[in-house]
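S.K.:
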Amino acid sequence: MAAFEYRQAEEIRDAFARRGVRYLFIGKSGAILLGFPDTTQDADVFVERGPENGAALVAGIRELGFDLTDFQAAEILRGKDFVQLKNGPFDLDLVFAPDGIERFSEAWARRIEVEGFPVCHPDDIIASKAATNRVKDRESLPRLRAFRDYWAQHRRSEAGARNGDRSH
Amino acid sequence: MPAMEPAGTSQELQAWHDEFEAAARRPLRLRMRYAFIKTYRPVLDDEPFRAFDRMADYRAWCETALPSWLGYGRV
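Residue numbers (the numbering used here), protein chains in the order written: chain A, -11 to 156; chain B, 947 to 1021.
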């Protein structure tokens, strides 16, 4: 299997949008979408738990080409906290209860849109990685925090420039 | 609450900042081409589907089933 590509992220975005799936890119894949220069293997999505969203998610995943059995689809619908899919065109992790984030609705309210991709706010990505406290996350967190500061500063500058344009 | 990791040194911070600036000049499509890689991870990549009731179950499985050098164990 080849590495995850921009085209496949577009396919997720478009398939999930057609089905009305509520989700956010999270983890390092989310950070990369925000501009964080680093490497990863998997795409991680934080999915809102619930029967309707679960059914839409399963339909969307099948549309993307994942070979889900009925048992596996039922496992997703049952509301597991974490599902790892390696039976499709790319690897995809479904996270329903990420460490460090209380509620999907709160993360959704803070989301960032990048080229139509819904992405967790960097603070949520950091909170999740910090709470997980894995060796690999602990190594990458200082650089990710530095990126968050850089990203926030640029966002403020861009917003200031836009406001300046409007005032002229 | 896990202990806070040390922040980077000023040299590291400058190097990271330069990397962020360079990345910001690239289109997302190109950034993703550089970012997503594929290498075989023993055990982790050996099953087409896994589901865990609780995140704690998944974390415990990572610690017991995966080779420690993959970095999925807790600090």
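For glycine and all other residues, C-beta sits at the position ideal for the given N, C-alpha and C.
Can you give me the Cβ contacts of A/A31 inside the same chain, cut-off strictly under 6 Å, excluding the 5 residues immediately before and after it?
M.R.: Excluding sequence neighbours, A/A31 sits near F(-8), S17 and L80.
S.K.: Compare the C-alpha of B/A1002 against each of B/R1020, B/L976 and B/F995 and name the closest.
M.R.: Nearest of B/R1020, B/L976 and B/F995 to B/A1002, Cα basis: B/R1020.
S.K.: Let's see if you can read the secondary structure: which residues bound the beta strand (DSSP E) around B/R996?
M.R.: Residues F995 to F998.
S.K.: Is the segment 65 to 75 of chain A touching the segment 8 to 23 of chain A in the sense that three or more CB pairs, one from each, lie closer than 8 Å?
M.R.: As far as the Cβ criterion goes, the segment 8 to 23 of chain A does not touch the segment 65 to 75 of chain A, which means the pair count is below three.
S.K.: Where do the N-terminal and C-terminal ends of the alpha helix (DSSP H) with B/Y980 fall, by residue?
M.R.: From DSSP, the alpha helix (DSSP H) with B/Y980 extends over L974 to A981.
S.K.: Hey, is A/I20's beta-carbon within less than 8 Å of any beta-carbon in chain B?
M.R.: So, interface residue.
S.K.: Alpha carbon to alpha carbon, how far is B/D992 from B/C1008?
M.R.: Going by the C-alpha atoms only, they are around 13 Å apart.
S.K.: When the Cα of A/T57 is compared with those of B/P994, B/E958, B/F998 and B/Y1004, which residue comes out closest?
M.R.: Comparing Cα positions, the closest option is B/P994.
S.K.: Give the interface partners of B/D991 over in chain A, defined as CB-CB distance under 7 Å, in chain order.
M.R.: Those within 7 Å of B/D991 in chain A are K74.
S.K.: Between which two residues does the beta strand (DSSP E) holding A/I14 run?
M.R.: Start and end: Y11 to I14.
S.K.: What ranges does the beta strand (DSSP E) occupy inside the segment 36 to 74 of chain A, keeping only unbroken runs of at least 3 residues that lie completely in it?
M.R.: Listed in chain order, the complete beta strand (DSSP E) runs (minimum 3 residues) inside the segment 36 to 74 of chain A are 70 to 73.
S.K.: Would you kindly work out how many angstroms separate the C-alpha atoms of B/A970 and A/P110, rounded to a whole number?
M.R.: When rounded, the distance between both Cα atoms is 16 Å.
S.K.: For A/A140 and A/F84, I'd like the C-alpha separation in whole angstroms.
M.R.: Roughly 27 Å separates the two Cα atoms.
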